[in-house]
């Protein structure tokens, strides 16, 4: 037998073996053989990112707070420092017992953030986190809860919390949304005045902030297409002059369920800089911040309605956010962008705001979209803040 015939027979025999193995694999797994080969070729593939800043990363390996754990992963994605300000949430007490309980927990959180050099952007929601009771805005304005707020801040002071450790305090966030079922504008300024004056009674140097949504809704209207991008002045008129150091504007992109129409993906619409500029001027502050984010999927719990946003489109949305920040910067404001980046796809919101899964930033094509955005903000001298928990 000639050598070339032997080679040919061996090639045919080897091919038959590969084919047979492939059939067995498909029979056992239900997957096509090429999917296994593809899995092998991509198993070790990773995305690459560049440094987000020239600052060294914070040392967070021993931190126990969930937010600081998350920040450590962002620093890995960025190969550098990411931010010195993170949003955290606290509630409002409705009794002495809940005031003391909340103060004990929040004091521990504030001390840990201070220890690791991260300033908290404390967003105080009108809900007692211990009991789940929502606070009525009108009753708060009438002074019903002021006594418990005094107990709360007095307890933080007694726990050794300093003005510097307090960070920025932002009560009654997004009060023009229907979440709290009492978003009438006439209550917002009195509520803020009571909260901030009580805060400053114990922590006179702790900066206060307000943050309203860019679209205003009726009290019980949860149709997110129905918001009106109106002036925020009806809400903030009457706030004590000089009491607010930061003015915040919240706005997020929106898409309809699969097959629907009318997406809102340009920040010129959902995060209009003119709204917060007007509000900041009324409040007498040059510090403004934008609370925003982009999502990879929405309506995640219903496959028939699932809407997805690919990395390139997320990048384009972030670019429009940057444009609004630059407009404010050119007008003389000191600007920060706070990015909401939590995966809430399994919650009632059904929206994934994150850029990667778990602690695997280099497994997602969305990661360089985020790191490039942070790097761009740093180059433009616009602060980057973060929420993920």
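Residue numbers (our numbering): 75 to 463. For each residue, glycine too, the CB sits at the ideal point set by N, CA and C.
Listed in chain order, the non-local C-beta contacts of residue 362 below 8 Å within the same chain comprise 320, 321, 322, 323, 350, 351, 354, 402, 407, 408, 409 and 410, local neighbours out to five positions each way being set aside.
Bounds of the beta strand (DSSP E) holding residue 285 are 283 to 287. In this structure, the straight-line span from the alpha carbon of residue 224 to that of residue 230 is close to 10 Å. Minimum Cα-Cα distance from residue 367 among the listed residues 123, 314, 193 and 440 corresponds to 440.
For residue 309, there is no enclosing beta strand (DSSP E); the enclosing alpha helix (DSSP H) has its first and last residue at 307 to 310. Residue 408 has 361 as its beta-bridge partners, per DSSP. The beta carbon of residue 158 lies closer than 7 Å to those of 191, 192 and 193 in the same chain, with the five residues before and after it left out.
Secondary structure note for residue 430: it is in no beta strand (DSSP E), with a DSSP letter that is neither H nor E. In the structure shown, the three-state DSSP call for residue 446 is helix.
Residue pairing of residue 120 in beta bridges, as defined by DSSP: absent, with no partner found. In the same chain as residue 169, and ignoring 5 residues on each side of it, the C-beta atoms closer than 7 Å to its own belong to 222, in chain order. Closest in C-alpha terms to residue 458, from the list 123, 172 and 195, comes 195.
Residue 345 is positioned such that its CB atom lies no closer than 8 Å to that of residue 291. For residue 166, no alpha helix (DSSP H) encloses it, and the DSSP letter there is neither H nor E. CA-to-CA, the gap between residue 130 and residue 123 works out to about 16 Å. Less than 8 Å separates the beta-carbon of residue 382 from that of residue 370.
For the pair of segments examined, the region 169 to 186 was found to touch the region 230 to 248: the number of CB pairs separated by less than 8 Å reaches three. Counting every other CB atom within 10 Å of its CB across the protein chains shown gives residue 302 a total below 16, marking it as exposed. Under the 10 Å beta carbon count, residue 280 is surrounded by 16 or more other beta carbons and is classified as buried.
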